[in-house]
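To start, the structure under review is shown below, and the notes come after it.
There are 4 protein chains.
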Amino acid sequence: MSEEMEQWVAEMLRINDLDAKMTDKQIKIIKAAVETFSEKGYAASSTSEIAQKAGVAEGTIFRHYKTKKDLLLSIVAPMMTKLIAPFVLKDFNKVLHSAYPKYEDFLRAVIKNRMEFARNNLPIIKIMLHELPFQSELQAQFKEHIAKKVFNRLQEVVEHFQSDGQIIAIPSHVAVRVSVSVLIGFCFARFFLLPELDWDEEQEIEYSIDFIMHGLAPRE
Amino acid sequence: MSEEMEQWVAEMLRINDLDAKMTDKQIKIIKAAVETFSEKGYAASSTSEIAQKAGVAEGTIFRHYKTKKDLLLSIVAPMMTKLIAPFVLKDFNKVLHSAYPKYEDFLRAVIKNRMEFARNNLPIIKIMLHELPFQSELQAQFKEHIAKKVFNRLQEVVEHFQSDGQIIAIPSHVAVRVSVSVLIGFCFARFFLLPELDWDEEQEIEYSIDFIMHGLAPRE
Amino acid sequence: MSEEMEQWVAEMLRINDLDAKMTDKQIKIIKAAVETFSEKGYAASSTSEIAQKAGVAEGTIFRHYKTKKDLLLSIVAPMMTKLIAPFVLKDFNKVLHSAYPKYEDFLRAVIKNRMEFARNNLPIIKIMLHELPFQSELQAQFKEHIAKKVFNRLQEVVEHFQSDGQIIAIPSHVAVRVSVSVLIGFCFARFFLLPELDWDEEQEIEYSIDFIMHGLAPRE
Amino acid sequence: MSEEMEQWVAEMLRINDLDAKMTDKQIKIIKAAVETFSEKGYAASSTSEIAQKAGVAEGTIFRHYKTKKDLLLSIVAPMMTKLIAPFVLKDFNKVLHSAYPKYEDFLRAVIKNRMEFARNNLPIIKIMLHELPFQSELQAQFKEHIAKKVFNRLQEVVEHFQSDGQIIAIPSHVAVRVSVSVLIGFCFARFFLLPELDWDEEQEIEYSIDFIMHGLAPRE
DNA sequence: AATGAATGAGGATTCATTCAT
DNA sequence: CATGAATGAATCCTCATTCAT
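Protein chains in written order, with the numbering used here: chain P, 1402 to 1621; chain D, 1402 to 1621; chain A, 1402 to 1621; chain V, 1402 to 1621.
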């Protein structure tokens, strides 16, 4: 397993640790499952291959996870929570207003923080993206948390910056959509489309934020 | 099968018709395969289910497509070509310059045209998006056509509009990236994320283009 | 197809010609079947492969041969008849006594004649040897003709030469067995075990016959 | 299963036991496979039939033998080794010279010993004979062991007896060939051609050896 | 807790054979 | 006569899951 993978797994374990203490074997199983699912997709991965890669018996997997799908969910579900964690902080708004006087400060903070997180969890994010359309449990969780909480939070943020005149008075969902599109578009290009390129992340982020700020600036 | 699906299939058949005349059974097989693959994903779809849905014997599938993967590729590969067809027109640049005096005209034409195409081919596009990361044949075709041809074309377009002062003099790849992010972000929200919403497409497109144009406008 | 194969097929066609006039396609089918059966065995050969190799449609085979087994039998059955043809000549005994005053003359004539025949029909003989244990129809024919007719003929021959003192007075079936073993043993080595060796057939045959004659010579 | 079959299987298990301990199910699988392969041939035997005959699930076969061919090889390959075991003994020559002062003693010992072995392993030997021409792995092993080791050993033996004047000075390979032909010819008739006959084996062997000894005796 | 042998349903694919053209 | 599309049973093999040890 590559060192990169090691890091991802470490990060992911920190997540699951929050839920429960895992045995040594359990850790190996999760490592192997993440590696396998992200390489071949969930449906094309076999539990026997995962067991083999984890160095445990086939039965051991099912002692810890009732079904193969259970294993998937135990990997992906906590990731979804973590992924949007900053947006559901208790004192999100309070922190926000004091910490980020300008919309671009907010964008800069968010993109840097979430990119760092994504970088440490790429394989699981890849798994999540692929299985979301097929796993109704994940979809439910996704809609519940992202669509509702995160999107609402972002709308609040945008509306806050519209109210003090930093952002043009278009429907807030539009401002959210275009902001998010640009930043996620960058992440997607950076991590999935052309990961092998030698990106100047700082520069690209600045261009992106500058673009968003001008695109959303109040018209004269 | 829903009427929507009927339309997609009709569009897709028009594509394959260009290549070869298909028998009645072949059409049924493709219909069933598209439906099944897009609902469950390629790996989780079984040839027996496809055969049943198509109303043919399982063996019939393999008379027309040597393997299950062949069936997938025969559906997805031509779609990729069609998807980027406008960008590889012979006289793309000539048409472009005379037809679209402004960058926003170009963006508007492209997004409307491609959205119409996508709308008629959603299931296949969904299949394509899902299988791209796992099917190396598709990846190869994708990199060859999209990454090279389309991206280069878009860079040329952007550079053209930069040279006449419509677009700010940032690296052209950045301008391409943010433009594409915004438009694809909209398509993604429209078709996949919240398809059930009652979108005012015209309005959303105008907001998006306005955002892009201001984001890329030369700074005063 | 090798030239050797060409010859075999030619010989085999002469055989089948006795039974019925064959169309051009029929000939091609038989050629392809012989080649395939002898290379992979009957059970492991598919009719579609034979059809392809013969350059005919799959259905064409079944127009001429009701089943795959029919095709096999139509190839092998006539071969069995031909293989032992000399022994069931009408005037076998008459010819024998006048033509071969000594047992070794008889052996020499038989081995040379049958080796020539075998050389021209190796693939079909190989097929026959392999399928005999599994095809009861062939077994029945084999027992009927070989075991009864040929073996009886050979016993008569041996007894004839015993009666005039050329061969030791052991049970005739033993003399037949050892004679046949030595000659077939040679054919087997020559054609199947080590066909690539540069055999001096004349010499080997003489050694073999000399061995048989001394082994069967009356003891002093 | 007949008592005869029971014995064969017992003998065969003794062989495999040397390699590894087998589970109860594994033994049943091997029994069923030997029975089926020898009755219908390898290609015409289905794993489902073998599983049924063995009283196990079809999947169980593939837990122990990766493929159907693996199952075949695990049956046949060790048999080949056993079949020629006496000829590759470490102190073959030493034993030979002291134990068998005459060529006929050697022949008698070998034929009796190998017939006993063959009698206990007929079905596997039948399988081996049938599959040798189609399984390149077996052919390789056969050529390596039989052709090289056994044949060379027999040549050495014959040359030893030629040097002390017991056998005529013909090329040793000829003496080997005719000797082996007569003995194998007998085995073949005894076990495969006419197994139902009431053979007086002792007598037939004596006739055969007497025939060989006279056939190879130095000419006066 | 961990094992791994056992399961049998289901996987993709091939088969011999039929029949409308 | 010849075709080749169509069949569906049968092929070998893999799968997720269970359970006695």
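Ideal placement from N, C-alpha and C gives every residue a C-beta, glycine not left out.
Residue i to residue j span [Cα, whole Å]
i, j, result
"A1576 of chain A", "L1474 of chain A", "33 Å"
"L1484 of chain A", "I1431 of chain A", "18 Å"
"F1587 of chain V", "P1479 of chain V", "24 Å"
"V1477 of chain P", "I1569 of chain P", "37 Å"
"K1503 of chain D", "I1571 of chain P", "23 Å"
"Y1443 of chain V", "Y1466 of chain V", "15 Å"
"S1446 of chain D", "F1543 of chain V", "45 Å"
"V1496 of chain P", "L1490 of chain P", "9 Å"
"E1560 of chain A", "L1594 of chain V", "22 Å"
"D1471 of chain A", "E1545 of chain V", "38 Å"
"E1538 of chain A", "A1434 of chain A", "19 Å"
"E1621 of chain D", "V1558 of chain P", "28 Å"
"Q1604 of chain A", "K1513 of chain A", "12 Å"
"G1460 of chain P", "H1531 of chain V", "41 Å"
"Q1556 of chain D", "F1493 of chain D", "13 Å"
"P1619 of chain V", "Y1608 of chain A", "13 Å"
"F1562 of chain D", "A1500 of chain D", "13 Å"
"P1596 of chain A", "Q1540 of chain A", "27 Å"
"T1448 of chain A", "I1525 of chain P", "49 Å"
"L1598 of chain P", "K1549 of chain D", "14 Å"
"L1533 of chain P", "L1533 of chain V", "53 Å"
"W1600 of chain V", "E1450 of chain V", "35 Å"
Identity of the residue in the options nearest residue i by Cα
i, options, result
"R1520 of chain A", "A:I1451, A:A1618, A:E1602, A:V1496", "A:E1602"
"V1511 of chain V", "V:E1560, V:Q1567, V:I1585", "V:I1585"
"T1437 of chain V", "V:A1541, V:E1545, V:K1426, V:A1452", "V:A1452"
"G1566 of chain V", "V:P1524, V:A1590, V:L1617", "V:L1617"
"P1487 of chain P", "P:S1447, P:R1620, P:A1434, P:V1551", "P:V1551"
"D1425 of chain D", "D:I1462, D:K1441, D:L1595, D:T1448", "D:I1462"
"H1498 of chain A", "A:Q1427, A:L1598, A:S1564, A:A1541", "A:S1564"
"R1625 of chain V", "V:Q1427, V:E1450, V:D1492", "Outside the shown range of chain V (1402 to 1621) lies residue 1625 of chain V, about which nothing can therefore be said."
"I1606 of chain P", "P:E1597, P:T1448, P:A1541, P:R1515", "P:R1515"
Run of the alpha helix (DSSP H) containing residue i, from where it starts to where it stops
i, result
"I1526 of chain A", "1523-1532"
"M1480 of chain A", "1469-1484"
"K1422 of chain P", "Unbroken run through K1422 of chain P: none, as it is neither H nor E."
"A1455 of chain V", "1448-1455"
"R1464 of chain A", "1459-1465"
"F1493 of chain A", "1493-1500"
"G1442 of chain A", "Unbroken run through G1442 of chain A: none, as it is neither H nor E."
"E1621 of chain V", "Premise fails: E1621 of chain V is in no alpha helix (DSSP H) and is neither H nor E."
Short Cβ contact (8 Å threshold) for residue i with residue j
i, j, result
"I1610 of chain P", "E1517 of chain P", "no"
"I1613 of chain A", "S1580 of chain A", "yes"
"A1590 of chain A", "R1554 of chain V", "no"
"S1582 of chain V", "K1527 of chain V", "no"
"K1429 of chain A", "A1458 of chain A", "no"
"L1660 of chain D", "F1592 of chain D", "In the structure displayed, chain D extends from 1402 to 1621; residue 1660 of chain D sits before or after that span and is not available."
"F1391 of chain A", "K1441 of chain V", "In the structure displayed, chain A extends from 1402 to 1621; residue 1391 of chain A sits before or after that span and is not available."
"H1615 of chain V", "H1615 of chain A", "yes"
"M1481 of chain V", "M1423 of chain V", "no"
Ignoring anything shorter than 4 residues or poking outside the region 1524-1596 of chain A, list the alpha helix (DSSP H) runs there in chain order. 1537-1543, 1552-1564, 1573-1589
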